[in-house]
Each structure stands twice: as C-alpha cells, then as structure tokens.
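Those letters in the sequence shown? Residues 5 to 502, by our numbering.
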Amino acid sequence: MKRSTIFFFLLLVPLVFTPIAGAQPQGTLRVALSVSPNALCLPLSDERNAHNASEQLYDSLVWVNDNAEVVPALAKSWKVSDDGCTYTFKLRKGVVFHNGEPFTADSVVFTWEQMKQDKIKWSEKFTFVSKVKKIDDYTVTISTEKPSPLLLRVLASFWAMLPPKYYTEKGEQGFLNHPVGTGPFRFVEWKKGDRIVYEANPTYWDKENYPKVKTLIFRPIPESATRVAAIKAGEVDIVGRLSSEEAAQLKGLSNIRLLTYPKDRIFYIAFNNLTSGKGKPTMDPRVRQAMNYAVDVDAIIDALFNGQGRPATGLVMSGEFGYDKEAKPFGYDPAKAKALLKEAGYPNGFKIQMAGPTGAYSNFEQVLEAIQGYLTDVGIETDLTLMESCKYWELESKKQLPPLFGDSWSETNGESLERLKGALGGMDASYSSWEDPKIKKYLADIGSTVDDAKRAQLYIKLQRYMIQNPPFIYLYEPMAFEAVNPKVKGYLPRSAED
Numbered sequence: 005m006k007r008s009t010i011f012f013f014l015l016l017v018p019l020v021f022t023p024i025a026g027a028q029p030q031g032t033l034r035v036a037l038s039v040s041p042n043a044l045c046l047p048l049s050d051e052r053n054a055h056n057a058s059e060q061l062y063d064s065l066v067w068v069n070d071n072a073e074v075v076p077a078l079a080k081s082w083k084v085s086d087d088g089c090t091y092t093f094k095l096r097k098g099v100v101f102h103n104g105e106p107f108t109a110d111s112v113v114f115t116w117e118q119m120k121q122d123k124i125k126w127s128e129k130f131t132f133v134s135k136v137k138k139i140d141d142y143t144v145t146i147s148t149e150k151p152s153p154l155l156l157r158v159l160a161s162f163w164a165m166l167p168p169k170y171y172t173e174k175g176e177q178g179f180l181n182h183p184v185g186t187g188p189f190r191f192v193e194w195k196k197g198d199r200i201v202y203e204a205n206p207t208y209w210d211k212e213n214y215p216k217v218k219t220l221i222f223r224p225i226p227e228s229a230t231r232v233a234a235i236k237a238g239e240v241d242i243v244g245r246l247s248s249e250e251a252a253q254l255k256g257l258s259n260i261r262l263l264t265y266p267k268d269r270i271f272y273i274a275f276n277n278l279t280s281g282k283g284k285p286t287m288d289p290r291v292r293q294a295m296n297y298a299v300d301v302d303a304i305i306d307a308l309f310n311g312q313g314r315p316a317t318g319l320v321m322s323g324e325f326g327y328d329k330e331a332k333p334f335g336y337d338p339a340k341a342k343a344l345l346k347e348a349g350y351p352n353g354f355k356i357q358m359a360g361p362t363g364a365y366s367n368f369e370q371v372l373e374a375i376q377g378y379l380t381d382v383g384i385e386t387d388l389t390l391m392e393s394c395k396y397w398e399l400e401s402k403k404q405l406p407p408l409f410g411d412s413w414s415e416t417n418g419e420s421l422e423r424l425k426g427a428l429g430g431m432d433a434s435y436s437s438w439e440d441p442k443i444k445k446y447l448a449d450i451g452s453t454v455d456d457a458k459r460a461q462l463y464i465k466l467q468r469y470m471i472q473n474p475p476f477i478y479l480y481e482p483m484a485f486e487a488v489n490p491k492v493k494g495y496l497p498r499s500a501e502d
C-alpha cells in the first residue's frame, strides 16, 4: 500500500490522500477485520489483520508506491555503496512521534536493536542486517554482510520506527498497551474483541497525505456471514475477505459498492525432483509442459470462482517488480499435451501421486479434483490425496509429499525473490522439492544484484526459462472482493492477501 508495500494488504488509502486546502479531518470510518489483532506493532503482527491495523500508526524509512517503486518516507534520500552492502539514509527533520518525542537516527538504531531479538515474530526481517550506525542526528547507515537488493522493500514492510525514550520507559507490554509511532493516525483505545480506535494525527509530517478521516475504527468480526450482515446494515463501512459467492450476493445492492482486485497470491501444482519425484516421468520438461497444456485454467476460474481471477504465467505475479509483460499462460491444449507426452516416450500416459491441503483455500479441493480429471483426459492417471492443512504443511516442510502437490504462495514486498527461493531453493528451502542448477544460478544473481534495471532483466530471463522448463503447473492468481459503503470516497484498493 502507499503507506508501505502496495500489493498485499487490505488498503486504507482513503484515509491518507491530499486534502482540500485548510480542510480538517472529518467523520468516522469503520473497517471490519476478520481476526482480532494479536498486537499493534508490525514486527510482532502474526497475520494480515494485525498488520493492516498496525500500518496506520507507523512510518518506515521508505514506502513502496502504486507502481511497486521504492520512494522516500522518513528518509528523504539514500545512497548505496559500490559493493551494495551499505545504505546511507538522510532522515527528515522535524518529524515527531505521537507523544512529541523527536524522530532521529537514534530511533532507527533503537528499532533495529529492539526488533532483532529472537522473541520477535519477524526478527529475521532485522537480523539479516549486520549493523545500523548513527552518523549524526539525521544520517544513518544500514549494512548487510552481502548485497541485499530487497533491503528497501523489507524496510517498507516491517521497519516501523519506534520511539526510544517512550518504549524504554513503558517496556514492551506497556508500549503494546498504548503504541506510539509517527504515522497518520494515533492510538486512542483498544477494547479487546470489540474495537480499536484511532484518531487523525494533527502533527503528521506528510501534508500531502494528511488524514481526511477524523476517527478510524477497526472492528473484529470473525464470522464471515456476520461481516456481510454488518455492511448490509450499515454498521461498518468496509468489509474485505469476501468469497466470490458472497460478492455475488452483494452485487447490485444500492447501499454497497463492490470492489474487485487481484490478491497477492498465486496457486500452482509443484513438481518434486528431489525426493518422491526423483526418476519419475515429470523429470522430463516436455512432460511438465504437457501437464500445463492439459489443464483448462480458464474453465476452473469460471466454474469455481465466478470467472474472477487470471491464469498464472509463472511464479512472478503480474504487477510485481520484474514481471515479464510479454508472458502468456500455457493455455488449454490437450492435443498438444498428448503430442508432448508421446514425444517424451509416454504415448499411453503414466500413473503418479498428487496431494493437496483441505480447508486452507477457497474451493481448492475442487480445483485439485478438476486437475485430476484434466490429467486423466490426456492419459495421466493421478492418485489424489487430500489432507488437513496443518498435517499437509508439516509434510511439505519435511519434503515428504508425493511427486505432485498443490499449494499457493504470497509475498509481502512487491518482489518475488523470497517466493522463488522458497519454492525453488532445493532441500535448503522452506517448502521446495525442486532443484534446477540454472534456476539456482538465476536466483543467486538476482539476490546479489542491487541495480534495479539489471535485476529486472534477470527476472525476465528466469521467467522465460521457467516456461520452457516449468517446475510447476501454473494455475491462477485469484481475485479479492471488498464491500464498501458508497459514502466512502477516494477508496483505492490494491492487491490483497487473505
């Protein structure tokens, strides 16, 4: 989002856009959450609702704009050393925290020291930095052991600046009871399980993005049906995380504006060439191409998601940094699939095992069953096993799933490197069961290239290689649905993650 990363959260852009000269924040905006946040602090947030609610309280050194570009925030400028390992930031003067404490280089150093502790949920977003050094009150350097092209995007997503004096005086729990940042809204109260209340920050430094709403209320409403009833009754103004079925029910209602936009998530069937898939027909790239041509992704989107979604062209999503705009999905071509199987030496197909999680994603069990049917049509007999998601992900992390397994992946910084490394990093990666020396080399080069233009070209080359040598059956990028009170103006949702 404009306040941080732009492709992954329920966006609250209407809260921060250019006001009429002299206008003061007015009115109240009520936003429904699907889960009550665990904490109102970005590095401690355990899921999206907490992150969404926390974002309005804080700023980082940089933001990511609507075009996935890193732009200044609390840092007005920065330079990168020749070796790509040290970033020097010039900080804005005159910025104060909600309690009046000044923002300086000490705030940056303190935030890093506090949040790199093992007990912090997202400590790895801080520990990859080897040193943060104050040069003067408004200059700070951030260093890594090796070049880190994603550093700025990680800063935008997780490095919410903390007030050293206030945090030290209150302690961690005292701070969490009444959090303080430099963001456009400041904390008022939190009635656990009922509501979180913020008010516009009258000293907000970014006058071009000054809050237009005086009061912002987040209401945790766990039951989806209850959230839908609340927006219908006018009890809340924004409800996200709607299913396609719920969105269809709300379509056309005069008191609701329905918004549709891409989620930050991609679905796929992964191939395994390291453990159970080793030596299987899927080792041949022609077989993997054939299986992509065998699946009618458009028909799946139409039948199971009311036509809302787009076929994936790879594991770099449309709108992400380095996306190949010339990329096209494989498309449904069972004749070509059969021809490729014959060319690869499997004119009569083959048998193979596939697994997938239940209860994790909307209609995903039906998606897997449809894929099983499509593969059968071209002669590939698939033994499908569905299992509870927690057990499934445990086996996935242990590399104990069958040669084919269905899943999805999201990302939170507008660039796909971490997703690619996690899904294609071999036995060292979190969930990978595929390894390709050329892909591994591309990922290493991307991960050490700080120059944006050169890194973007590497992404494009990798995507084109992964069409000829697909490590997945590329499925779809789903859509997100939100219901908004028509009285809310200027609301601009971005890609969201559910």
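Idealized CB from N, CA, C, for every residue including glycine.
What does DSSP give as the partner residue(s) for Gln28 in the beta ladder?
The residue labelled residue 28 in the question sits at position 24 within the sequence shown. DSSP, once it has assigned bridges, lists no residue as partnering Gln28.
From Gln177 to Arg290, what distance separates their C-alpha atoms?
Walking along the sequence shown from the start, residue 177 turns up at place 173. Walking along the sequence shown from the start, residue 290 turns up at place 286. Going by the C-alpha atoms only, they are around 57 angstroms apart.
Determine, using beta carbons only, whether Ala316 comes closer than 8 angstroms to chain C.
Note that chain C does not occur in the displayed structure, where there is just one protein chain.
Classify Pro215 as buried or exposed, calling it buried when 16 or more other Cβ atoms lie within 10 Å of its own Cβ.
Taking the sequence shown and counting its residues from 1, one reaches residue 215 at position 211. Its Cβ being crowded by 16 or more others within 10 Å, Pro215 is buried.
For the stretch 181-198 against the stretch 118-132, are there 3 or more C-beta pairs whose distance is under 8 angstroms?
Segments in contact, no.
Among Tyr469, Arg223, Lys135 and Tyr297, which one has its Cα closest to the Cα of Val382?
Counted from its first residue, the sequence shown places residue 382 at position 378. From the listed residues Tyr469, Arg223, Lys135 and Tyr297, the smallest Cα separation to Val382 is found for Tyr297.
What residues are listed by DSSP as bridge partners for Tyr478?
Counting from one through the sequence shown, the residue named residue 478 turns up at place 474. BP columns for Tyr478 point to Tyr272.
Kindly identify the DSSP beta-bridge partner or partners of Gln357.
As a working mapping, residue 357 is identified with position 353 in the sequence shown. According to DSSP, Gln357 shares a beta bridge with Asp387.
Going by DSSP, name the residue or residues bridged to Thr92.
As a first step, residue 92 must be located in the sequence shown, where it is residue number 88. For Thr92, which the question treats as bridged, DSSP gives the partners Lys83 and Thr145.
Three-state secondary structure (DSSP) of Trp163:
The count along the sequence shown starts at 1 and reaches residue 163 at position 159. Under the three-state reduction of DSSP output, Trp163 falls in the coil class, being neither helix nor strand.
Proximity below 8 angstroms, CB of Ser58 to CB of Leu78:
Taking the sequence shown and counting its residues from 1, the one referred to as residue 58 is at position 54. Taking the sequence shown and counting its residues from 1, the one referred to as residue 78 is at position 74. No.
Pull the bridge partners of Arg223 from the DSSP assignment, please.
Walking along the sequence shown from the start, residue 223 turns up at place 219. Paired residue(s): Ala36.
Cβ shell of Lys80 (< 6 angstroms), same chain only, five flanking positions each side left out
For the purposes of this step, residue 80 is taken as residue 76 along the sequence shown, with counting starting at 1. Result list for Lys80: Lys94 and Arg96, in chain order.
What's the call for Gly281, buried or exposed, on a 16-neighbour Cβ count within 10 Å?
Counting from 1 along the sequence shown, the entry for residue 281 is found at position 277. Around the CB of Gly281, 16 or more other CB atoms lie within 10 Å, so the residue is classed as buried.
Can you tell me whether Ala339 is buried or exposed? The criterion is at least 16 other CB atoms within 10 Å of its CB, across all chains shown.
The residue you call residue 339 lines up with position 335 of the sequence shown. Residue burial annotation: Ala339 is exposed, with fewer than 16 other C-beta atoms found within 10 angstroms of its C-beta.
DSSP puts Val192 in a beta bridge; with which residues?
Position 188 of the sequence shown holds residue 192. When beta bridges are read from the DSSP output, Val192 appears opposite no residue.
Whether Asp387 touches Ala274 by CB criterion (8 angstroms)
On the sequence shown, residue 387 is found 383 positions in, with the first residue counted as 1. On the sequence shown, residue 274 is found 270 positions in, with the first residue counted as 1. Not a contact, by the Cβ cut-off of 8 angstroms.
Nearest candidate by alpha-carbon position, reference Ala72, set Ile221, Tyr202, Glu415 and Thr207
In the sequence shown, the residue the question calls residue 72 occupies position 68. When only C-alpha atoms are compared, the closest one is Glu415.
Would you call the stretch 254-265 and the stretch 481-497 in contact, with 3 or more CB pairs under 8 angstroms?
The way I'd put it, the stretch 254-265 does touch the stretch 481-497; three or more beta-carbon pairs between them come closer than 8 angstroms.
Suppose the cutoff is 6 angstroms on Cβ atoms and the five residues either side in sequence are ignored; what does the same chain contact list for Pro490 look like?
On the sequence shown, position 486 is the one that residue 490 refers to. These residues qualify, in order along the chain: Arg261.
What residue range is occupied by the uninterrupted alpha helix (DSSP H) comprising Tyr463?
If you number the sequence shown from 1, residue 463 lands on position 459. Its alpha helix (DSSP H) spans residues Asp456 to Gln472.
CB Ala505 to CB Val68, shorter than 8 angstroms?
This structure cannot settle anything about residue 505, because the visible part of the chain is limited to 5 through 502.
If we ignore side chains and look at the alpha-carbon of each, how far apart do Gly104 and Ile200 end up?
The residue you call residue 104 lines up with position 100 of the sequence shown. The residue you call residue 200 lines up with position 196 of the sequence shown. Between Gly104 and Ile200, the alpha-carbon positions lie close to 22 angstroms from each other.
Cβ shell of Trp194 (< 6 angstroms), same chain only, five flanking positions each side left out:
Position 190 of the sequence shown, counting from 1, holds the residue named residue 194. Only Ile200 meet the Cβ criterion.
Just to confirm the assignment, what range does the beta strand (DSSP E) spanning Ala204 have?
One-based indexing of the sequence shown puts residue 204 at position 200. DSSP places Ala204 inside the beta strand (DSSP E), whose first and last residues are Arg199 to Ala204.
Which residues bound the alpha helix (DSSP H) around Thr115?
Counted from its first residue, the sequence shown places residue 115 at position 111. Unbroken alpha helix (DSSP H) run through Thr115: Ala109 to Met119.
Kindly list the residues whose CB is nearer than 6 angstroms to the CB of Val100, restricted to its own chain and excluding five residues on each side of it in sequence; keep chain order.
In the sequence shown, counting from the first residue as 1, residue 100 sits at position 96. Within the same chain, Val100 has close Cβ partners Pro106 and Thr207.
Report the partner residues of Phe485 according to the DSSP bridge assignment.
As a working note, residue 485 is residue 481 in the sequence shown. For Phe485, which the question treats as bridged, DSSP gives the partners Thr264.
Is DSSP giving Gly313 helix, strand or coil here?
For the purposes of this step, residue 313 is identified with residue 309 of the sequence shown, where counting begins at 1. Residue state, collapsed to three classes: strand.
Ala234 to Tyr171 span [Cα, whole Å]
Working through the sequence shown from its first residue, we reach residue 234 at position 230. Working through the sequence shown from its first residue, we reach residue 171 at position 167. Spanning the two alpha carbons is a distance of roughly 37 angstroms.
Can the beta-carbon of Gln118 be found closer than 8 angstroms to that of Leu166?
The count along the sequence shown starts at 1 and reaches residue 118 at position 114. The count along the sequence shown starts at 1 and reaches residue 166 at position 162. Between Gln118 and Leu166, the C-beta spacing is below 8 angstroms.
Closer than 7 angstroms by C-beta to Ile270: which residues in its own chain qualify, once you throw out the five before and the five after it? Chain order, please.
Position 266 of the sequence shown, counted from the start, is the residue given in the question as residue 270. Contacts found: Ala316, Leu319, Met321, Ser412, Trp413 and Glu481.
Proximity winner among Gly494, Leu379, Ala229 and Tyr91, relative to Tyr336 (alpha-carbon distances)
Taking the first residue of the sequence shown as 1, we reach residue 336 at position 332. Cα-wise, what sits closest to Tyr336 is Leu379.
Ile139: first and last residue of the uninterrupted beta strand (DSSP E) it sits in:
Locating residue 139 in the sequence shown gives position 135, counting from the first residue. In the DSSP annotation of this structure, the continuous segment of the beta strand (DSSP E) that includes Ile139 starts and ends at Val133 to Asp140.
Shortest alpha-carbon distance to Ile356 belongs to which of Pro224, Glu385 and Leu345?
The residue given as residue 356 occupies position 352 in the sequence shown. Among Pro224, Glu385 and Leu345, the Cα nearest to that of Ile356 belongs to Glu385.
Quick check on Ser248: does DSSP put it in helix, strand or coil?
Here residue 248 refers to the residue found at position 244 when the sequence shown is read from its first residue. In the three-state reduction of the DSSP assignment, Ser248 falls in the helix class, which pools H, G and I.
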